[in-house]
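Below is one structure, written out as structure tokens; the observations come after it.
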């Protein structure tokens with residue numbers, strides 16, 4: 001059973017369509033990165049999964065049931081982008097309040113404060129918390145009740161590099177334990193290593209979905225091979241350019257060449273068979289490269 005199944009989902013506000021024909025699924029123990037520009041439909045999608053908004057058309061199934069059912073909601077965790085708490089309560093009072101609402105124990109609430117690094121500030125009022133500390137408190141409330149589906153909207157906002165690394169270590173562990181996770185973030189380089197698939201939205205439509213490997217093949221973006229220690233780097237570049245490849249010199253003994261799908265191994269065999277370069281670096285298209293590609297394609301389709 002998939003944790004989330006969306007089929008033909010549409011959402012409109014009057015004459016404005018914010019989601020159109022969205023087909024998307026999420027398996028148990030999978031992390032899906034949900035990406036798009038502001039207004040692309042990411043938050044609307046998350047609210048439909050949470051049962052906070054109803055789809056005008058299409059089928060929505062979450063953890064085998066309706067998203068607005070009490071049983072399903074008890075197994076969901078949600079961290080909104082702009083988390084807000086009552087400032088006069090302490091961190092401990094806040095998390096215990098949410099624990100009562102979720103049916104979780106006070107023991108688990110206190111353990112989560114420890115887990116997110118707030119045990120030292122548990123009895124301070126939330127109004128004294130920094131933005132990063134409030135974000136950690138929001139993450140703790142999202143984890144109450146050991147949710148089987150976790151939705152995180154910009155979870156690294158306000159977190160320093162160490163806290164960000166700890167957050168991703170936590171999501172990696174939850175994934176191994178079978179928790180399904182939807183993760184929205186504008187910090188694409190940081191999230192790339194921690195998702196199984198990426199879904200890219202633009203103008204309310206799904207532009208692409210798949211593993212980074214699959215999206216690289218679909219997009220046809222080249223990998224860049226950077227070579228050092230060539231006997232004649234400039235000659236090598238001329239040869240590649242004569243073959244129709246995009247290449248440039250990196251000094252007298254270095255070169256860079258773009259390897260389109262299927263040609264990377266051929267280029268490596270050529271380099272290693274004819275001479276022994278000192279170093280070869282392979283740079284595959286990043287998540288940011290893929291995002292830019294699909295956004296530009298979507299903009300071209302609109303024009």
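In the UniProt record's numbering, the protein residues as written are 1 to 303.
Even glycine gets a Cβ: it sits at the ideal position worked out from N, Cα and C.
- With distances taken between CA atoms, residue 49 lies nearest to 152 out of 152, 135 and 131.
- Counting other Cβ atoms within 10 Å of its Cβ, residue 217 stays below 16 and is therefore classed as exposed.
- Annotated three-state conformation of residue 35 is strand, per DSSP.
- Sequence-distant partners of residue 81 (beyond 5 residues in either direction) whose C-beta falls short of 6 Å from its own C-beta, in its chain, are 153 and 154.
- Counted as a single uninterrupted DSSP element, the alpha helix (DSSP H) harbouring residue 169 occupies residues 161 to 176.
- Under the DSSP assignment, residue 153 falls in the beta strand (DSSP E) whose first and last residues are 149 to 153.
- Per the Cβ contact rule, the segment 171 to 189 is in contact with the segment 10 to 29 (3 or more Cβ pairs under 8 Å).
- Contact annotation: residue 193 and residue 222 have beta-carbon atoms that are not nearer than 7 Å.
- Between residue 121 and residue 284, the alpha-carbon positions lie close to 43 Å from each other.
- Residue 62 is not a Cβ neighbour of residue 18, given a cutoff of 7 Å.
- Of the residues 148, 234, 188 and 291, the one whose Cα lies closest to the Cα of residue 176 is 148.
- Taking 7 Å as the cut-off, the beta carbon of residue 114 is found no closer than this to the beta carbon of residue 58.
- Of the residues assessed, residue 42 falls on the buried side of the cut-off, its CB having 16 or more other CB atoms within 10 angstroms.
- Judged by beta-carbon spacing, residue 56 lies within the 7 Å limit of residue 11, meaning their Cβ atoms are closer than that value.
- When the beta-carbon positions are compared, residue 298 and residue 202 come within less than 7 Å of each other.
- Ranked by Cα distance from residue 250, the first of 279, 244 and 263 is 279.
- DSSP places residue 70 within a helical segment (H, G or I) once states are collapsed to three.
- Taken in chain order, the complete beta strand (DSSP E) segments of 3 residues or longer contained in the segment 193 to 219 are 197 to 202 and 205 to 210.
- Between residue 228 and residue 266 a beta carbon distance of about 20 Å is seen, past the 8 Å cut, so the two are scored as non-contacting.
- The C-alpha of residue 215 is placed about 30 Å away from the C-alpha of residue 142.
- For residue 7, the secondary structure class from DSSP, reduced to helix, strand or coil, is strand.
- In the structure shown, the three-state DSSP call for residue 18 is strand.
- Look at the segment 111 to 155 and you find these whole runs of beta strand (DSSP E), each 3 residues long or longer: 149 to 153.
- The secondary-structure analysis by DSSP pairs residue 283 across a beta bridge with 224.
- In this chain, residue 41 is not harboured by any beta strand (DSSP E), its DSSP state being neither H nor E.
- For the pair residue 290 and residue 34, the Cα-to-Cα distance works out to about 13 Å.
- Taking a C-beta distance under 7 Å as the contact criterion, residue 170 and residue 132 do not qualify as a contact pair.
- A direct Cα-to-Cα measurement between residue 239 and residue 281 gives close to 20 Å.
- Counting only residues of its own chain and dropping the five nearest sequence neighbours on each side, residue 116 has a CB closer than 7 Å to the CB of 136, 139 and 140.
- In the structure shown, residue 65 adopts extended strand secondary structure according to DSSP, grouped into three states.
- For residue 144 against residue 99, the beta-carbon gap comes to about 6 Å, under 8 Å, which counts as contact.
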